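What follows is a short report on a single structure.
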Amino acid sequence: MDMTRKVAVVALAGRRREPLERVVAESKAGTRALAVPTDVCSAAQVDALFAMARERFGRVDVLFNNAGLNAPGIAFENLTLEKWQSVVDTNLTGMFLCAQAAFRVMKDQDPRGGRIINNGSISAHAPRPDSAPYT
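Next comes the structure, spelled out in structure tokens:
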């Protein structure tokens, strides 16, 4: 929420509309904030997100990639392919789709450019037991 106070405009994306709208309301950002329910695993939804941000604000200067989830803490040998795929789709493919969409917008805007920040986790350096798909 602090970002909505420190930058001129912000587009917030997440799977659930209610938490997004609550952040916009609590931030008092009004028309300077855009809440877009988005599943980052869906290329069509990601493209729609960036189209809405560009239409509303005219450009995209920063992407902060932060979507991520983990599977339940279970032993690796008991992890289902579906749970594995869900984590990979969100944490890796979602990051790729958002970065790619941002790159396209940033390359096409004038002045050209922007910044892409891919947020990670301490788990990359200090993995926890039973968190194989996340680390």
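With the sequence shown counted from 1, adding 1187 to any position gets you my numbering. Ideal Cβ positions, reconstructed from N, Cα and C, are used throughout, including at glycine. Note that the structure is a prediction, hence the values are computed from the model and not measured.
Looking at the strands, I want to know which residues DSSP matches up with Ile1303.
Leu1250
Status (buried if at least 16 other CB within 10 Å, exposed otherwise) for Asn1305
exposed
Segment contact flag, the segment 1211-1224 with the segment 1270-1280, C-beta cutoff 8 Å, min 3 pairs:
no
If you compare alpha carbons, which of Leu1266, Ser1310 and Ala1235 is closest to Gln1287?
Ala1235
Please name the residue in Pro1206, Asn1278, Cys1228 and Ser1214 whose C-alpha comes closest to that of Val1197.
Ser1214
Under the three-state reduction of DSSP, which class applies to Ala1319: helix, strand or coil?
coil
Under the rule that 16 or more other beta-carbon atoms within 10 Å means buried, what is Val1227, buried or exposed?
buried
Neighbourhood of Pro1320 by C-beta, 6 Å cutoff - its chain only, sequence neighbours within 5 removed:
Ala1258, Trp1271 and Val1274
Rounded C-alpha distance that separates Gly1199 from Pro1206
Inspection of the sequence shows that residue 1199 is occupied by Leu rather than by Gly. Distance between the alpha carbons of Leu1199 and Pro1206 is about 10 Å.
Cβ neighbour criterion (16 or more within 10 Å) applied to Phe1237:
buried
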